[in-house]
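Take a look at the structure below.
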Amino acid sequence: MQCDEQQETPMLTEEYIEPHCQWTRGKELDRIEITLDGFRKEDVKVTLKHPVGEEEHSIISVTAKSPERLCKKFEIPNDYELGNLRAELCCGSLILELPKKAASNKLEILKPKLEIRKALQESAEDMQKNFFSAVEYFYSKKKVGAFIFMMLASGVFAYKYYTERCGVEN
1 MQCDEQQETP MLTEEYIEPH CQWTRGKELD RIEITLDGFR KEDVKVTLKH
51 PVGEEEHSII SVTAKSPERL CKKFEIPNDY ELGNLRAELC CGSLILELPK
101 KAASNKLEIL KPKLEIRKAL QESAEDMQKN FFSAVEYFYS KKKVGAFIFM
151 MLASGVFAYK YYTERCGVEN
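This is the structure:
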């Protein structure tokens with residue numbers, strides 16, 4: 001009598017864990033701290049994948065294998081000097097230091113030109129309303145001299161306002 005014995009092979013199950021991560025933003029560099037208790041330096045691998053196009057982000061992958069496994073990925077914007085990336089495993093934590101790119105000397109205008117133009121139009125409309133109410137008052141009182149003075153003064157004021165606000169030079 002033949003007996004079919006099935007040999008039981010132990011199932012190797014690897015447990016994936018989700019480590020605690022903390023991203024701290026600084027003025028000159030950002031730090032990512034990942035808690036890796038129970039992992040040795042030899043167990044941990046950090047890789048950096050550079051983007052193919054300018055629109056893509058770089059990706060930092062942290063993988064570790066011990067009795068437990070982990071895989072953590074971070075999308076990194078293009079405003080970091082990733083050539084100077086530092087990684088250090090110390091006291092059960094992996095610390096990644098991401099130096100920021102040097103800020104350019106250019107000033108950024110926060111409001112789009114359309115919003116600036118709209119604000120100038122609104123202030124010009126307010127000035128125009130005030131002017132017309134003064135003109136109506138003087139005209140109704142038959143004070144022609146004051147009327148002409150108001151016309152000239154408002155023209156000079158408008159010209160001065162326009163040149164100061166819009167940066168027009170003589």
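Take 1 as the starting number for the sequence shown in full-length UniProt numbering and just add one per residue. Glycine is no exception: its CB is placed at the ideal position from the N, C-alpha and C atoms.
Measure the CB-CB distance between residue i and residue j and report whether it falls below 8 Å.
i, j, result
"residue 101", "residue 28", "no"
"residue 60", "residue 44", "no"
"residue 89", "residue 98", "no"
"residue 32", "residue 93", "no"
Over what stretch of residues does the beta strand (DSSP E) that includes residue i continue unbroken?
i, result
"residue 213", "Past the edges of the chain, shown from 1 to 170, lies residue 213, and the structure says nothing about it."
"residue 59", "58-65"
"residue 100", "Careful: residue 100 lies outside any beta strand (DSSP E) and carries neither H nor E."
"residue 25", "Counting along the chain, residue 25 falls outside any beta strand (DSSP E), and DSSP gives it neither H nor E."
"residue 86", "86-90"
Report the residue from the options whose alpha carbon sits nearest the alpha carbon of residue i.
i, options, result
"residue 79", "87, 50 and 72", "50"
"residue 20", "166, 160 and 62", "62"
"residue 22", "52, 74, 57 and 53", "74"
"residue 150", "130, 164 and 166", "130"
"residue 185", "133, 96 and 17", "Residue 185 lies beyond the residue range present for the chain, which begins at 1 and ends at 170; the question has no answer from this structure."
"residue 165", "124, 17, 82 and 16", "124"
"residue 76", "30, 16, 133 and 87", "30"
"residue 18", "163, 52, 133 and 72", "72"
Am I right that residue i and residue j are in contact with their C-beta atoms under 8 Å? What's the rounded C-beta distance?
i, j, result
"residue 158", "residue 127", "7 Å"
Query - Stretch pair the segment 36-43 + the segment 64-75: three plus CB contacts closer than 8 Å - result: Remark: three or more beta-carbon pairs, one from each stretch, lie closer than 8 Å, so the segment 36-43 and the segment 64-75 are flagged as touching.
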